[in-house]
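Working notes, beginning with the structure itself.
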Amino acid sequence: MISLVSIKGKSLTPKNKYATVICLKAHVDSNLLSVIQYMPLTHAMDSDDGKHAATKILNPKTMNPHILLVEDEVRIAQLVELELSDAGYQVNIAHDGQVGLELAQAIQPDAIVLDWTLPNLTGLEICQQLRAAGNAVPIVFATAMDDPPHRQAAMAAGANAYVVKPYSIHDLMETLTAQLPACVAA
């Protein structure tokens with residue numbers, strides 16, 4: 504199947520069916536990136552002048568662990584993204600529960616960091632829906648919900664770990680590393 508995508512108004516078409524890339528088609532709305540579509544394509548070339556256009560060839564042997572961070576507090580998300588990126592992780596962010604669920608299903612990250620309280624779907628609902636669909640991705644809750652009933656509900660829903668806010672970035676990275684398969688750990 505041949506897919507077409509447009510980035511910054513330039514049409515992209517597949518060139519080499521043997522190379523795999525990921526293209527992110529998005530728009531900026533009030534300085535927040537909203538993901539519209541995340542699609543795997545074959546190696547894409549700018550159809551106007553033959554040069555590469557906003558694509559990244561993915562080599563499974565050299566890829567950094569891919570983390571989906573679902574956090575509605577923008578400043579916390581930006582800080583965590585910066586720290587994880589500096590540590591060698593590839594990070595996608597969703598500030599909304601429904602978008603987080605859709606991204607988790609579309610991009611198949613190596614691990615998910617979930618806040619509990621999110622717009623549209625809670626972190627618990629995301630975890631439950633992913634597990635009900637058979638998705639075994641490691642899920643780490645990073646939340647201010649510190650009471651035993653919340654911890655128990657998260658673990659019963661299929662969470663792998665639970666980190667309480669405020670947490671140190673070191674503790675979060677240590678928890679993530681412990682949850683990632685050895686082949687993708689940073």
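For what it's worth, our numbering labels the leading residue of the sequence shown as 504, then goes sequentially. Ideal Cβ positions, reconstructed from N, Cα and C, are used throughout, including at glycine.
Using DSSP's beta-bridge definition, name the partner residues of residue i.
| i | result |
| --- | --- |
| A647 | Per DSSP, none; premise fails for A647. |
| V640 | DSSP output for V640 lists no bridge partner at all. |
| A659 | In DSSP, A659 forms no bridge with anything. |
Where does residue i fall in DSSP's three states?
| i | result |
| --- | --- |
| L572 | strand |
| A597 | strand |
| A614 | strand |
| P652 | helix |
| L604 | helix |
| N567 | coil |
| Y592 | coil |
Going by Cα to Cα distance, which pick from the options is closest to residue i?
| i | options | result |
| --- | --- | --- |
| T478 | T680, A656, N663 and V583 | No answer is possible for residue 478: the residues shown for the chain start at 504 and end at 689. |
| A645 | S671, A660, P612 and P684 | S671 |
| M648 | I596, I642, L633 and Y665 | Y665 |
| L621 | G637, A609, A635 and G603 | G603 |
| I596 | A590, D613 and V577 | V577 |
| E574 | Q593, S588 and D599 | D599 |
| A580 | N567, D674, L617 and T678 | L617 |
| Y592 | Q608, I570, E605 and P612 | I570 |
| V594 | I615, Q601 and N623 | I615 |
| K668 | V643, D589, M658 and A662 | V643 |
| N663 | P612, E677 and P641 | P641 |
| P684 | L585, P612, Q608 and A607 | P612 |
| E677 | R634, N567 and L587 | L587 |
| A660 | A590, Q601 and N638 | N638 |
Would you say residue i reaches chain B, if we count a Cβ-Cβ gap shorter than 8 Å as a contact?
| i | result |
| --- | --- |
| Y592 | Going by chain labels, chain B is absent from the structure shown, which holds only one protein chain. |
Starting from residue i, trace the alpha helix (DSSP H) both ways and give me its first and last residue.
| i | result |
| --- | --- |
| A580 | V577 to D589 |
| L679 | I672 to Q682 |
| L627 | G626 to A635 |
What residue range does the beta strand (DSSP E) around residue i cover?
| i | result |
| --- | --- |
| Y665 | A664 to V667 |
Tell me whether residue i counts as near the ligand COA, meaning its Cβ is closer than 7 Å to at least one heavy atom of that ligand.
| i | result |
| --- | --- |
| Q632 | This structure lacks the ligand COA; in fact it carries no ligand of any kind. |
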